[in-house]
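Per the numbering used here, residue 77 is the first one in the sequence shown, and the count goes up by one each step.
We put the CB at the ideal spot given by N, CA and C, even for glycine.
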Amino acid sequence: FECLFYLSKATVSVLYCKTKHSNMLRRAAVLFALLGVASAGGASSRHKRSHGVHGHGHHHHGHGPLKLTTFADGRPDGGIRQSADGEDGLDSPGDVFVFDQKLLGDDGNTVIGRNAGYCIRTDPGMPDWSGKDAPNLPDDATNNWGQCTWTLTFYADGPSGYEGTIQVSGREGDVGTSDIAIVGGTGDFKGAWGVLSTTPEPQCQGVLFRQVLEVH
(Lines of atoms letter the chains of each structure in order from A and count residues from 1; the text may use other names and numbers.)
(Lines give C-alpha, C1' and ligand atoms only; values in the text may rest on other atoms or scores of the structure.)
Protein backbone atom coordinates (compact mmCIF):
# COMPACT_ATOMS: atom_id res chain seq x y z
CA PHE A 1 0.00 0.00 0.00
CA GLU A 2 2.90 2.38 0.60
CA CYS A 3 4.08 1.73 -2.98
CA LEU A 4 0.57 2.49 -4.27
CA PHE A 5 0.50 5.69 -2.22
CA TYR A 6 3.80 7.01 -3.60
CA LEU A 7 2.86 5.99 -7.13
CA SER A 8 -0.46 7.81 -6.75
CA LYS A 9 1.27 10.97 -5.54
CA ALA A 10 3.66 10.90 -8.52
CA THR A 11 0.79 10.31 -10.93
CA VAL A 12 -1.20 13.14 -9.39
CA SER A 13 1.78 15.50 -9.73
CA VAL A 14 2.22 14.73 -13.42
CA LEU A 15 -1.49 15.01 -14.17
CA TYR A 16 -1.83 18.26 -12.29
CA CYS A 17 1.19 19.92 -13.93
CA LYS A 18 0.06 18.99 -17.43
CA THR A 19 -3.59 19.84 -16.92
CA LYS A 20 -3.71 22.61 -14.35
CA HIS A 21 -6.45 24.36 -16.33
CA SER A 22 -8.72 21.29 -16.40
CA ASN A 23 -11.24 21.14 -13.57
CA MET A 24 -12.18 17.55 -14.37
CA LEU A 25 -8.64 16.24 -14.10
CA ARG A 26 -7.95 18.35 -11.02
CA ARG A 27 -10.88 16.64 -9.37
CA ALA A 28 -9.47 13.28 -10.46
CA ALA A 29 -6.11 14.22 -8.95
CA VAL A 30 -7.76 15.04 -5.62
CA LEU A 31 -9.60 11.70 -5.72
CA PHE A 32 -6.35 9.80 -6.35
CA ALA A 33 -4.69 11.64 -3.48
CA LEU A 34 -7.53 10.80 -1.12
CA LEU A 35 -7.39 7.15 -2.16
CA GLY A 36 -3.65 7.14 -1.53
CA VAL A 37 -4.07 8.55 1.96
CA ALA A 38 -6.83 6.05 2.76
CA SER A 39 -4.65 3.16 1.56
CA ALA A 40 -1.72 4.31 3.66
CA GLY A 41 -3.99 4.73 6.69
CA GLY A 42 -5.41 1.24 6.24
CA ALA A 43 -1.93 -0.22 6.01
CA SER A 44 -0.92 1.63 9.18
CA SER A 45 -3.97 0.32 11.06
CA ARG A 46 -3.30 -3.24 9.98
CA HIS A 47 0.34 -2.88 10.98
CA LYS A 48 -0.66 -1.75 14.47
CA ARG A 49 -3.17 -4.60 14.84
CA SER A 50 -0.55 -7.17 13.87
CA HIS A 51 1.19 -6.73 17.23
CA GLY A 52 -0.22 -8.12 20.48
CA VAL A 53 0.40 -6.54 23.86
CA HIS A 54 3.34 -8.88 24.41
CA GLY A 55 4.79 -8.31 20.93
CA HIS A 56 3.94 -11.79 19.64
CA GLY A 57 1.92 -10.55 16.66
CA HIS A 58 -1.50 -11.81 15.65
CA HIS A 59 -1.82 -14.98 13.64
CA HIS A 60 -2.17 -14.40 9.94
CA HIS A 61 -1.49 -16.40 6.80
CA GLY A 62 1.81 -16.23 4.95
CA HIS A 63 4.06 -15.88 8.00
CA GLY A 64 5.93 -18.27 10.26
CA PRO A 65 4.14 -20.18 13.03
CA LEU A 66 2.89 -18.29 16.05
CA LYS A 67 4.11 -19.82 19.32
CA LEU A 68 2.01 -19.40 22.45
CA THR A 69 2.13 -20.87 25.95
CA THR A 70 -1.06 -21.06 28.00
CA PHE A 71 -2.24 -22.98 31.04
CA ALA A 72 -5.59 -24.70 31.63
CA ASP A 73 -6.50 -24.28 35.30
CA GLY A 74 -7.43 -27.67 36.77
CA ARG A 75 -7.21 -26.52 40.38
CA PRO A 76 -10.29 -26.57 42.65
CA ASP A 77 -11.07 -22.89 42.00
CA GLY A 78 -10.10 -23.03 38.33
CA GLY A 79 -13.50 -24.01 36.98
CA ILE A 80 -15.62 -27.06 36.21
CA ARG A 81 -14.27 -30.61 35.94
CA GLN A 82 -17.21 -32.99 36.04
CA SER A 83 -17.18 -36.71 35.25
CA ALA A 84 -20.02 -38.85 33.99
CA ASP A 85 -19.10 -42.41 34.95
CA GLY A 86 -20.64 -45.52 33.50
CA GLU A 87 -22.79 -47.90 35.50
CA ASP A 88 -19.84 -49.74 37.07
CA GLY A 89 -18.69 -46.64 38.96
CA LEU A 90 -15.12 -47.16 37.75
CA ASP A 91 -12.84 -45.38 35.31
CA SER A 92 -13.94 -47.36 32.27
CA PRO A 93 -13.92 -47.05 28.46
CA GLY A 94 -16.73 -44.78 27.35
CA ASP A 95 -16.78 -42.64 30.50
CA VAL A 96 -16.99 -38.92 29.78
CA PHE A 97 -15.76 -35.91 31.69
CA VAL A 98 -16.32 -32.30 30.80
CA PHE A 99 -14.38 -29.21 31.79
CA ASP A 100 -14.79 -25.45 31.53
CA GLN A 101 -11.80 -23.85 33.18
CA LYS A 102 -9.85 -20.61 33.31
CA LEU A 103 -7.36 -20.17 30.48
CA LEU A 104 -4.20 -18.61 31.91
CA GLY A 105 -1.34 -16.77 30.24
CA ASP A 106 2.27 -17.93 30.11
CA ASP A 107 2.80 -16.75 33.69
CA GLY A 108 0.33 -19.39 34.93
CA ASN A 109 -1.62 -16.70 36.74
CA THR A 110 -3.22 -14.09 34.46
CA VAL A 111 -6.70 -15.08 33.23
CA ILE A 112 -6.87 -14.56 29.44
CA GLY A 113 -9.95 -16.64 28.56
CA ARG A 114 -11.64 -20.03 28.98
CA ASN A 115 -10.52 -23.59 28.24
CA ALA A 116 -13.57 -25.81 27.70
CA GLY A 117 -14.35 -29.20 26.22
CA TYR A 118 -14.72 -32.91 26.97
CA CYS A 119 -12.85 -36.21 26.93
CA ILE A 120 -14.10 -39.74 26.33
CA ARG A 121 -12.06 -42.37 28.16
CA THR A 122 -10.67 -44.93 25.71
CA ASP A 123 -7.92 -46.67 27.72
CA PRO A 124 -8.13 -46.53 31.54
CA GLY A 125 -4.80 -48.21 32.19
CA MET A 126 -4.04 -46.86 35.68
CA PRO A 127 -5.98 -45.22 38.52
CA ASP A 128 -6.87 -41.71 37.39
CA TRP A 129 -7.47 -38.56 39.45
CA SER A 130 -10.61 -40.22 40.89
CA GLY A 131 -8.53 -43.10 42.27
CA LYS A 132 -10.65 -45.65 40.40
CA ASP A 133 -9.86 -48.04 37.59
CA ALA A 134 -11.56 -50.83 35.71
CA PRO A 135 -9.53 -53.98 36.55
CA ASN A 136 -8.43 -56.75 34.22
CA LEU A 137 -8.36 -54.70 31.01
CA PRO A 138 -5.60 -55.35 28.44
CA ASP A 139 -4.56 -51.72 28.37
CA ASP A 140 -1.61 -49.40 29.01
CA ALA A 141 -0.73 -49.92 32.68
CA THR A 142 1.39 -46.74 32.76
CA ASN A 143 -1.15 -44.18 31.58
CA ASN A 144 -4.80 -43.33 30.99
CA TRP A 145 -5.88 -42.22 27.54
CA GLY A 146 -8.87 -40.38 26.21
CA GLN A 147 -10.12 -38.85 22.98
CA CYS A 148 -10.46 -35.16 23.76
CA THR A 149 -11.84 -32.09 22.05
CA TRP A 150 -11.73 -28.58 23.46
CA THR A 151 -11.71 -24.88 22.67
CA LEU A 152 -9.37 -22.17 23.90
CA THR A 153 -11.29 -18.89 23.99
CA PHE A 154 -9.29 -15.67 24.19
CA TYR A 155 -11.20 -12.77 25.75
CA ALA A 156 -11.76 -9.79 23.46
CA ASP A 157 -9.59 -6.85 24.54
CA GLY A 158 -8.01 -9.11 27.15
CA PRO A 159 -4.41 -9.17 28.36
CA SER A 160 -3.30 -11.76 25.78
CA GLY A 161 -3.63 -9.27 22.93
CA TYR A 162 -5.65 -11.81 20.93
CA GLU A 163 -9.32 -12.25 20.20
CA GLY A 164 -10.97 -15.46 18.99
CA THR A 165 -10.82 -19.20 19.55
CA ILE A 166 -8.58 -22.17 18.81
CA GLN A 167 -10.10 -25.65 18.49
CA VAL A 168 -8.08 -28.80 19.21
CA SER A 169 -8.83 -32.52 19.04
CA GLY A 170 -6.82 -35.69 19.66
CA ARG A 171 -5.63 -38.45 21.99
CA GLU A 172 -4.51 -37.19 25.39
CA GLY A 173 -2.83 -39.05 28.24
CA ASP A 174 -3.08 -38.28 31.95
CA VAL A 175 0.72 -38.56 32.26
CA GLY A 176 3.46 -36.92 30.19
CA THR A 177 3.16 -34.70 27.13
CA SER A 178 0.49 -35.28 24.49
CA ASP A 179 0.55 -33.65 21.06
CA ILE A 180 -2.95 -32.60 19.99
CA ALA A 181 -3.94 -31.35 16.54
CA ILE A 182 -5.12 -27.77 16.12
CA VAL A 183 -8.07 -28.22 13.78
CA GLY A 184 -9.43 -24.69 13.40
CA GLY A 185 -10.03 -21.28 14.86
CA THR A 186 -11.97 -18.05 14.71
CA GLY A 187 -11.18 -14.35 14.99
CA ASP A 188 -7.43 -13.72 15.01
CA PHE A 189 -6.98 -17.49 14.57
CA LYS A 190 -9.38 -18.04 11.66
CA GLY A 191 -8.26 -21.03 9.58
CA ALA A 192 -5.61 -22.02 12.14
CA TRP A 193 -3.84 -25.37 12.10
CA GLY A 194 -0.87 -26.78 13.95
CA VAL A 195 -0.07 -28.60 17.21
CA LEU A 196 -0.87 -28.05 20.88
CA SER A 197 1.45 -29.92 23.27
CA THR A 198 -0.19 -30.38 26.66
CA THR A 199 1.59 -31.49 29.85
CA PRO A 200 -0.03 -31.85 33.29
CA GLU A 201 1.87 -30.12 36.10
CA PRO A 202 0.59 -31.24 39.54
CA GLN A 203 0.09 -28.48 42.12
CA CYS A 204 -0.43 -28.55 45.88
CA GLN A 205 -4.12 -28.75 45.00
CA GLY A 206 -5.22 -29.92 41.58
CA VAL A 207 -3.21 -29.55 38.40
CA LEU A 208 -2.22 -26.99 35.79
CA PHE A 209 -2.03 -28.14 32.18
CA ARG A 210 0.79 -26.42 30.31
CA GLN A 211 -0.33 -25.94 26.70
CA VAL A 212 2.36 -24.98 24.18
CA LEU A 213 0.84 -24.05 20.82
CA GLU A 214 2.45 -23.76 17.41
CA VAL A 215 -0.17 -22.09 15.26
CA HIS A 216 -0.01 -21.72 11.47
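Coarse secondary structure for residue i, derived from DSSP in three states
| i | result |
| --- | --- |
| arginine 247 | strand |
| proline 235 | coil |
| glutamine 279 | coil |
| glycine 189 | strand |
| aspartate 149 | strand |
| serine 58 | Residue coverage of the chain in this structure runs from 77 to 292, which leaves residue 58 outside it and unanswerable. |
| glycine 270 | strand |
| proline 169 | coil |
| proline 200 | strand |
| aspartate 182 | coil |
| aspartate 164 | coil |
| aspartate 216 | coil |
| glycine 240 | strand |
Buried versus exposed call for residue i [16 or more other C-beta atoms within 10 Å across all chains shown]
| i | result |
| --- | --- |
| glycine 150 | buried |
| alanine 217 | exposed |
| alanine 268 | buried |
| glycine 140 | exposed |
| alanine 232 | exposed |
| glutamine 177 | buried |
| glutamate 277 | exposed |
| cysteine 224 | buried |
| alanine 160 | exposed |
| cysteine 280 | exposed |
Terminal residues of the beta strand (DSSP E) in which residue i lies
| i | result |
| --- | --- |
| asparagine 220 | 220-230 |
| glycine 260 | 254-263 |
- Query: Is the number of C-beta pairs between the region 151-161 and the region 251-259 that are closer than 8 Å three or more?
  - Reply: The region 151-161 is not in contact with the region 251-259.
- Item | Touch test, the region 181-188 against the region 163-170, Cβ-Cβ under 8 Å, three pairs minimum | With the cut-off at 8 Å, the region 181-188 and the region 163-170 do not touch.
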